[in-house]
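Participant: If you use the numbering used here, the sequence shown corresponds to residues 144 to 323, in order.
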Amino acid sequence: MAEASNQFEALDDFLDDYLELPVRIRGGEVRVYRIEDPPAEDGIRIERVTTLAARLAAGQKAPDAPVLDDDEERDLYRLCLGDTYDEMLDDGVGWAQFKHVAMTAMFWVIADKETAAEFWRTGQQPGKAGNRADRRAQARRSTSASGGASTTPQPGSTSGTRAGSRPRGRRGRSPGASRD
């Protein structure tokens, strides 16, 4: 039986205990904020809130009992950021940056570091397709990055004439042809 306990590594050997996110603050300075892994109770609350939000977004019925009380719900970002919440407020970080950092931390808590990194990089919910304009812009970027070659054939003319053919003279003769 003693051998069975050696089959598992200690959790801290492979889990991510923190995130480090660089944010430009007042004066243009870049500060790296370290967000620690939240306590288990806070992680459970974050999971409940995000699961409820996903259900509501999918059109499912809201739960009968409140998942969080009002104070806990208001403090979701504080739950996600821990001590970094106050540090960012003290540094005067703008709302968009603050929210992006908090949402990145939330994806890290409810999923993993790779999901958080995808959100950090794109600003979109991981796995969610962007709107049509975003997809087209992405397609243009990937086409230009790959040399611009397209495997999609160009549409043919539907008028019955050949595009790009040489103009002809009168009665089907090409210009400058002799009349022998």
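Using N, Cα and C, we set each Cβ at its ideal position, and we do this for glycine too.
Only counting runs of 4 or more residues, tell me where the alpha helix (DSSP H) segments fall wholly within the region 182 to 261, in order along the chain.
Facilitator: Runs of the alpha helix (DSSP H) inside the region 182 to 261: 183 to 200, 213 to 217, 219 to 224, 227 to 233 and 238 to 253.
Participant: Could you name the residues of the same chain whose beta carbon sits closer than 8 Å to that of Val-244, not counting the 5 residues immediately before and after it, in chain order?
Facilitator: Closer than 8 Å at the Cβ level, and outside the excluded window around Val-244, lie Leu-164, Val-166, Tyr-176, Ile-178, Leu-224, Thr-227, Met-231 and Val-236.
Participant: Check whether the Cβ atoms of Trp-251 and Leu-162 sit closer than 8 Å, and answer yes or no.
Facilitator: yes
Participant: Using the rule of at least 16 other Cβ atoms within 10 Å of the residue's Cβ for burial, across every protein chain shown, is Ile-189 buried or exposed?
Facilitator: buried
Participant: How big is the Cα-Cα spacing for Arg-264 and Ala-239?
Facilitator: 14 Å
Participant: Using a Cβ-Cβ cut-off of 6 Å (strictly less than) and excluding sequence neighbours within five positions of Phe-151, which residues of its own chain qualify?
Facilitator: none
Participant: Are the CB atoms of Leu-158 and Asp-185 within a distance shorter than 8 Å?
Facilitator: no
Participant: State the Cα-Cα distance for the pair Asp-214 and Thr-193, rounded to the nearest angstrom.
Facilitator: 16 Å
Participant: Residues bridged to Pro-165 by DSSP?
Facilitator: Partner(s): Val-175.
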